[in-house]
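Peer 1: Protein chains in written order, with my numbering: chain B, 6 to 294; chain P, 115 to 378.
All residues carry an ideal CB built from backbone N, CA and C; glycine is no exception.
1) Output yes if chain P places a C-beta closer than 8 Å to the C-beta of residue 144 of chain B; else output no.
2) Please work out which residues of its chain come closer than 7 Å, Cβ to Cβ, to residue 296 of chain P, disregarding the five sequence neighbours upstream and downstream, and give them in chain order.
3) Among the residues of its own chain, which have a CB less than 7 Å from the CB of residue 162 of chain B, if the five just before and after it don't count?
4) Would you identify the three-state DSSP class for residue 358 of chain P, choosing helix, strand or coil?
5) Should the segment 120-138 of chain P be called in touch with the segment 239-254 of chain P, which here means at least 3 C-beta pairs below 8 Å?
6) How about residue 321 of chain P: is its C-beta nearer than 8 Å to some C-beta of chain B?
7) So is residue 48 of chain B in contact with chain P if we call contact Cβ pairs under 8 Å?
8) Which residues in the same chain as residue 66 of chain B place their Cβ atom closer than 6 Å to its Cβ, once the five residues preceding and following it in sequence are excluded?
9) To the nearest angstrom, how far is the alpha carbon of residue 377 of chain P from that of residue 119 of chain P?
10) By DSSP, does residue 11 of chain B sit in helix, in strand, or in coil?
11) Note down, in chain order, each residue of its chain lying with its Cβ closer than 8 Å to the Cβ of residue 281 of chain P, except the 5 sequence neighbours on either side.
12) Closest to residue 313 of chain P by CA distance: which of P:288, P:328, P:354 and P:167 is it?
13) Within 10 angstroms of the Cβ of residue 332 of chain P, are there 16 or more other Cβ atoms? Answer buried if so, exposed if not.
14) If residue 194 of chain B and residue 40 of chain B are in contact, beta carbons under 8 Å, what's the gap, nearest whole angstrom?
15) When the Cα atoms are used, what is the spatial distance from residue 63 of chain B to residue 145 of chain B?
16) Per DSSP, which one or two residues make a beta bridge with residue 217 of chain B?
17) Does residue 245 of chain P have its Cβ less than 8 Å from a Cβ in chain B?
18) Determine the chain P residues that contact residue 115 of chain B at a beta-carbon separation under 8 Å, and present them in chain order.
19) Verify the CB distance criterion: does residue 28 of chain B have a CB-CB separation below 8 Å to chain P?
20) Could you check the C-alpha separation between residue 74 of chain B and residue 251 of chain B for me, to the nearest Å?
21) Classify residue 248 of chain P as helix, strand or coil using the three-state DSSP reduction.
22) Give a yes or no on whether the minimum CB-CB distance between residue 61 of chain B and chain P is below 8 Å.
23) Could you check whether the segment 216-224 of chain P touches the segment 193-208 of chain P, counting it as contact only if at least three pairs of C-beta atoms, one from each stretch, sit closer than 8 Å?
24) Quick one: Cα of residue 362 of chain P to Cα of residue 155 of chain P, how far?
25) Please go through the segment 159-241 of chain P and give each complete alpha helix (DSSP H) segment of 4 or more residues, from N-terminal end onward.
26) Would you list the residues sitting across from residue 172 of chain B in a DSSP beta bridge?
27) Tell me which same chain residues have a C-beta within less than 7 Å of the C-beta of residue 141 of chain P, skipping the five on either side of it?
28) Report the start-end ranges of each alpha helix (DSSP H) in the segment 97-175 of chain B that is 4 residues or longer and not cut off at the edges.
29) If we cut at 8 Å on Cβ distances, does residue 258 of chain B have a partner in chain P?
30) For residue 366 of chain P, name the three-state secondary structure that DSSP assigns.
31) Report the rounded CA-to-CA distance for residue 209 of chain P versus residue 259 of chain P, giving the unit in angstroms.
32) Residue 279 of chain P touches chain B at which residues, Cβ-Cβ below 7 Å?
33) Expressed to the nearest angstrom, what Euclidean distance is found between the alpha-carbon atoms of residue 121 of chain B and residue 93 of chain B?
34) Assuming residue 137 of chain B and residue 111 of chain B make a contact with CB atoms under 8 Å, what is their CB distance in whole Å?
35) Could you work out which residues of chain P lie near residue 233 of chain B, taking near to mean beta carbons separated by less than 7 Å?
36) Closest to residue 282 of chain B by C-alpha separation, out of B:264, B:28 and B:180, would be which residue?
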C-alpha cells in the first residue's frame, strides 16, 4: 500500500549551465515507504533529478516538494531537507573526503548537531550495517572500490534520513556485493525508510522495486508497478531497455501453456517455484494414469 | 611517500597515543637543536633509529634508505660549508692555490660541517619517527586539539586525502596512455606526459566541484567537522619522553660547564 507522497516534482525543468536541457517538464511523486526505481539509459536525467530532491540543484521552472511542503532554498530549509533526504553518489571517490573511514562517516551526523556519544553510536551502527565495521581503522586510500562504495553508503546511513537516494547502487560491484547492498536497503525499507535508486539493470528493478519510473532524455515516459511498466514493449523500446528475463521466460512458458496464469513471478525464485509446482503436479497426474 | 604512509598504519606503535609520540619526537628534536654537540646529535640519530626499528618494527633497510634521502643533499649542502677560502695557507688541511689565496678545507670548517650534518640528520630522524609511527589523520587530529586554526588543519587533511586521488588518477591515465603506445618513443612520451598533466588539472578541478556537491548533500556549512577516534593515553609514556629529552638537555648543560661525556 503506497503511502503519501514524500518527494514530488511538479513540472520541473532544468538546463545545465552550458545550455543542455537535462530535465523537461518532469512531474512525478515518490510515495513514502516504497522501494522506487528510476530506470533509463545514460543521460536520461536520473542523477540530475536526484540532485533536485536533495536541494543541490534548483529547478529552472517548476517546483520540488518534500512531504507535501514546497522546497525552499534558504540555508535553514536546505539543511532540514538534507537531513531528511540522503543521497549516495555513484562514484565514492568524489564523496569520500577524509583519509579515515571513521572520520568520514562521522561527518554527516556531526553536521546534524548531534552530541559526540550519539554520533559515535550512529557511526558504529552505520559501519556494521554496511558491513565495513572491520575497516574503521583503515585509511580510505587503502580500500577497494567495493569497500569505498559501502563506506559511502555508511556515510548516509549514519544520518538516518527518511528517504535514502542511491545513484546506481550496484554499478561496478560484483553480483554478491551488489546483492548484499540491495538486501541492506530492503532491511532499511522494512523499518520505514523510503528507498529511491537509479539503475540500468531492468532485472534488478523488476524483482526489487515496488514502483518504477522510466526516464528518457530528461522526460518521464512511463511509471507504475514494475510488472506493468516493464512488460510493456512499447515503453521498453522507448526507454532503450530490454524486457526483464524473468518476465520474458514467464510469458514464453505461459504461451506454451506450461504454467498457470496467476500473478506473474517477480524474481528467479518465484519463477522456479512456479515451474516446480507445475512439475510436481505433472508427476502426480502421471502417477494417477 | 606511499610506503611511509603504509608503515604509519601498520607499525607496532600504531596504538600508542599520537600525543605521546609527538611529545617524544619533539623532546628529542628540542634536545638535538638546543645542544650543539656532535655526540648529542649522534645519540638522537641512533636513539630515533632504534625506536623506529626495534620498537615500531620498521624494517631497518627501509629506514636506512629513508635516511639516505636527506643525507645525500645534506652532504652536498654541508660540502659548501666545509669549503673555506683564505690567504693564510697554514690553516688548511687540504686545498688548491688560486692566485694568492687558498680554496680548501680547514679543521674548523670540517668540524662545523660535521656538526651541521649530524644535527640536521638528528632533526630529520625525529620527524621520521613521527611520520613512520603516526598516521597523518591522527597528526591532524592532534593539531586540531592543539587549537591550530581549523582552516589550516582542514586544508592539510584535504590535501593529504587528494594526494592519493590524484596519484590514482594519474596512474590510470598513464596506464591508458601506455596501453595505446603513448610512451613508445621519446616524442610521443613528451606529448603524452603533457596531455597527462593537462588532463590531471582538468580532472582535479572537476573533482573539487563534485566534492563540494557531495559535501553539501551532507549538510556541509563550511566546516569539516569530524569525530576523532579516542586513543588510550598513557601518562607514563609522556613522562618518559619528556624525561629522555630533559636528560639529554641536562647532560648537555653539564657539558657546557665542562664536565661529563658531552664536553667538547
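Peer 2: Checking against the coordinates, here is how it stands:
1) With 8 Å as the cut-off, residue 144 of chain B counts as an interface residue toward chain P.
2) Taken in chain order, the residues that qualify are 302 and 306.
3) Within the same chain, residue 162 of chain B has close Cβ partners 131, 134 and 135.
4) Assignment of residue 358 of chain P by DSSP, reduced to helix, strand and coil, places it in the helix class.
5) Yes, they touch.
6) Residue contact check for residue 321 of chain P against chain B: a CB pair falls below 8 Å.
7) So, not an interface residue.
8) Cβ contact annotation for residue 66 of chain B (same chain, cutoff 6 Å, sequence separation greater than five): 18, in chain order.
9) In this prediction, residue 377 of chain P scores a pLDDT of 47, lower than 50, which makes its location untrustworthy; no coordinate-derived value is stated.
10) Strand at residue 11 of chain B.
11) Cβ within range, chain order: 116.
12) The shortest C-alpha to C-alpha distance from residue 313 of chain P to any of P:288, P:328, P:354 and P:167 is the one to P:288.
13) Within 10 angstroms of the beta-carbon of residue 332 of chain P lie 16 or more other beta-carbons, which makes it buried.
14) So it is a contact: roughly 5 Å between Cβ atoms.
15) Residue 63 of chain B and residue 145 of chain B have their alpha carbons spaced roughly 32 Å apart.
16) Paired residues: B:42 and B:229.
17) No, no contact with chain B.
18) The contact set of residue 115 of chain B on chain P, defined by CB atoms closer than 8 Å, consists of 339, 340 and 341 in chain order.
19) False, the Cβ-Cβ gap to chain P never drops below 8 Å.
20) Rounded to the nearest whole angstrom, the C-alpha separation of residue 74 of chain B and residue 251 of chain B is 39 Å.
21) If DSSP states are grouped into helix, strand and coil, residue 248 of chain P belongs with coil.
22) Yes, residue 61 of chain B counts as interfacial toward chain P.
23) The segment 216-224 of chain P vs the segment 193-208 of chain P: in contact.
24) Straight-line Cα distance between these residues: approximately 10 Å.
25) The alpha helix (DSSP H) runs lying completely inside the segment 159-241 of chain P and spanning 4 residues or more are 174-196, given in chain order.
26) Per DSSP, B:203.
27) The answer, listed in chain order, is 355, 356, 358 and 359.
28) For the segment 97-175 of chain B, whole alpha helix (DSSP H) runs of length 4 or above, ordered along the chain, are 97-100, 106-116, 121-134 and 150-162.
29) Residue 258 of chain B does not count as touching chain P.
30) Reduced to three states, the DSSP call for residue 366 of chain P is helix.
31) Looking at the two C-alpha atoms, the distance is approximately 54 Å.
32) Near residue 279 of chain P (Cβ distances below 7 Å), the residues of chain B are 98.
33) Distance between the alpha carbons of residue 121 of chain B and residue 93 of chain B: 23 Å.
34) Not confirmed; about 14 Å, so no contact.
35) Here the premise fails: no neighbours, minimum Cβ distance about 32 Å.
36) Residue B:264 holds the alpha-carbon nearest to the alpha-carbon of residue 282 of chain B among B:264, B:28 and B:180.
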